[in-house]
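Notes follow once the structure below has been shown.
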Amino acid sequence: MSQCTCFHSVGNQPITPWKDKINAAQLEQIKKNFAAVKPLNTEPLALPKSSSSAAPSKPSPVVVEYGPVRPFHTGYARIDNAITDALRGKSQELKDSVYDIIRSDFLPNNVHGVEEADRLARISLGVEKAAYLADQFMDAGTKGSFMDAMRSIARIGMEGERVGSCKMKYQIKDVIGLDGNGYVHEDNRGAYRYAMEQYDPESYAEYQKLLNASGEDTVESALFSVHWAIKNFDLVAAGRPGYQKYQDEQYEKLYQVELDRTFSGSDTGSKEKFLESIKEKLKANRELQVNLFMEQIAQMTKAPGGYLVNRRMVLSGRA
């Protein structure tokens, strides 16, 4: 792995002592000024004496509850909407567990300190976590489509590319169209680009220049495609059958991606069996960063009931 330069590594960088950052004249001036400054407090600090003979009361623990995990969408309607349907009417705890898998296991943004083998193994663990949740909380008619969708997102994760040493880039959409029921709607920009490429290569080349200048689809390139579509509505309509076929091919290509199988076949019969099964599989893969996965198992153990995400933290202290 290349040398990490992200903000997580700041604490590991050599620290220059403060005195080495200033010259001798500046240090001498500081000493003179320090002696001339009067202290802010002239009386010594002391705690007030208590007249009560009662024993100090034991402080009550403080319970901190985190907000719900924010839903995560890839922009692929067939995938996202299957998960939305599977989670409709389910508990917030189940939703938290599912979206945490997508965000943390399948498509993490920052992979600081994580080797590629560990990243792929974590995707495998995420698939097994999804299978456990499906077996515990979903009926047979729901969990089939749910698992197909979760494995599809896992495949997107498998195809992710590192940007530098710590950031990840995935083939997901930045702009997501949602309706009032939480369903994703794929916008028309893909159809515009497809028609432009097929029927107007010169305009498409100009669009590509705008795209490559920024490295992503910005407002400028998006407006270019929209303005082109308004002027060439007939070409967009003519290209829709071909674009639909192209979309089908892209989904089919995604389904062919091989998933990592490090944790495949875990026992999903109960939470205890599931966590123990993960530990056993981890023992057989000692080349992984064992501590990374043991920390995840510990967090899942703390989660209430049969869920895998703990949104509560109990803080207590001594009097």
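For the sequence shown, numbering that gives the first Met the number 0 gives the first residue as 0, with consecutive numbering after it.
For every residue, glycine included, the Cβ atom is placed at its ideal position computed from N, Cα and C.
I need the straight-line Cα distance from F105 to Q197, nearest angstrom please.
Rounded to whole angstroms, F105 to Q197 spans 34 Å at the Cα level.
Could you please give me the residues that DSSP links to E64 through a beta bridge?
BP columns for E64 point to R311.
Going straight from the alpha carbon of Q91 to that of G66, what length do you get?
When rounded, the distance between both Cα atoms is 10 Å.
If you drop the 5 nearest sequence neighbours on each side, which residues of the same chain put their C-beta closer than 8 Å to that of L258?
Correct list, in chain order: I122, S123, V126, R150, A153, R154 and M157.
Between the alpha carbons of R310 and Q298, how many angstroms are there, rounded?
Between R310 and Q298, the C-alpha separation is close to 10 Å.
Determine the DSSP secondary structure at K20, reduced to helix, strand or coil.
Of the three classes helix, strand and coil, the one that applies to K20 here is helix, per DSSP.
Quick one: Cα of I78 to Cα of K278, how far?
Using only the alpha carbons, I get a separation of about 30 Å.
Could you please give the first and the last residue of the uninterrupted beta strand (DSSP E) stretch that includes V162?
Note, V162: beta strand (DSSP E), E160 to V162.
Do the CB positions of L399 and Y306 come within less than 8 Å of each other?
The first residue shown for the chain is 0 and the last is 318, placing residue 399 beyond what the model contains.
So, A130 versus N284, is the Cβ gap smaller than 8 Å?
The answer is no: Cβ separation not under 8 Å.
First and last residue of the alpha helix (DSSP H) that includes M293?
Looking at the DSSP string, the run of the alpha helix (DSSP H) that includes M293 is V289 to K301.
Excluding sequence positions up to five away, which residues of its chain have a Cβ less than 6 Å from the Cβ of A133?
Once the five neighbours on either side are set aside, the close Cβ partners of A133 are K142, F145 and M146.
Is M167 helix, strand or coil by DSSP?
In this structure, M167 counts as strand in the three-state DSSP scheme.
Excluding the five sequence neighbours on either side, which residues of its own chain have a C-beta within less than 6 Å of the C-beta of A76, listed in chain order?
V183 and E185.
For F71 versus I29, is the C-beta spacing smaller than 8 Å?
No, Cβ-Cβ distance for F71 and I29 is not below 8 Å.
Let's test the definition: count the other Cβ atoms within 10 Å of the Cβ of G229 and tell me whether it reaches 16, buried, or not, exposed.
A small correction: the amino acid at residue 229 is Ile; Gly does not occupy that position in the sequence shown. When all chains shown are included, I229 counts as exposed.
Does the beta-carbon of L86 have 16 or more other beta-carbons within 10 angstroms, so that it is buried, or is it exposed?
Buried.
Is there a C-beta anywhere in chain C that falls below 8 Å from the one on G268?
Protein chains in the displayed structure number just one, and chain C is not present.
For V218, does the three-state DSSP call read helix, strand or coil?
Helix, per DSSP.
Does the separation of the CB atoms of R260 and S224 fall below 8 Å?
Contact: no.
According to DSSP, is L210 helix, strand or coil?
It is helical.
In angstroms with no decimal places, state the Cα-to-Cα distance between E160 and S56.
Roughly 55 Å separates the two Cα atoms.
Does DSSP classify G238 as helix, strand or coil?
Three-state DSSP puts G238 in a helix.
Where does Q243 land, buried or exposed, given buried means 16+ other C-beta within 10 angstroms?
By the neighbour-count rule (16 or more Cβ atoms within 10 Å), Q243 is not buried but exposed.
Quick one: Cα of P369 to Cα of D84, how far?
Beyond the ends of the chain as shown, which are 0 and 318, falls residue 369; an answer cannot be given.
Relative to the alpha-carbon of F262, which residue among L234, K282 and E115 has its alpha-carbon at the smallest distance?
Selected option, being the one with the closest Cα: K282.
I need the straight-line Cα distance from A190 to V235, nearest angstrom please.
Rounded to whole angstroms, A190 to V235 spans 7 Å at the Cα level.
With a 10 Å radius around its C-beta and 16 neighbouring C-beta atoms as the bar for buried, classify Y206 as buried or exposed.
Classification of Y206: buried, given that the 10 Å Cβ count is 16 or more.
Rounded to a whole number of angstroms, what is the C-alpha to C-alpha distance between G268 and Y98?
Straight-line Cα distance between these residues: approximately 22 Å.
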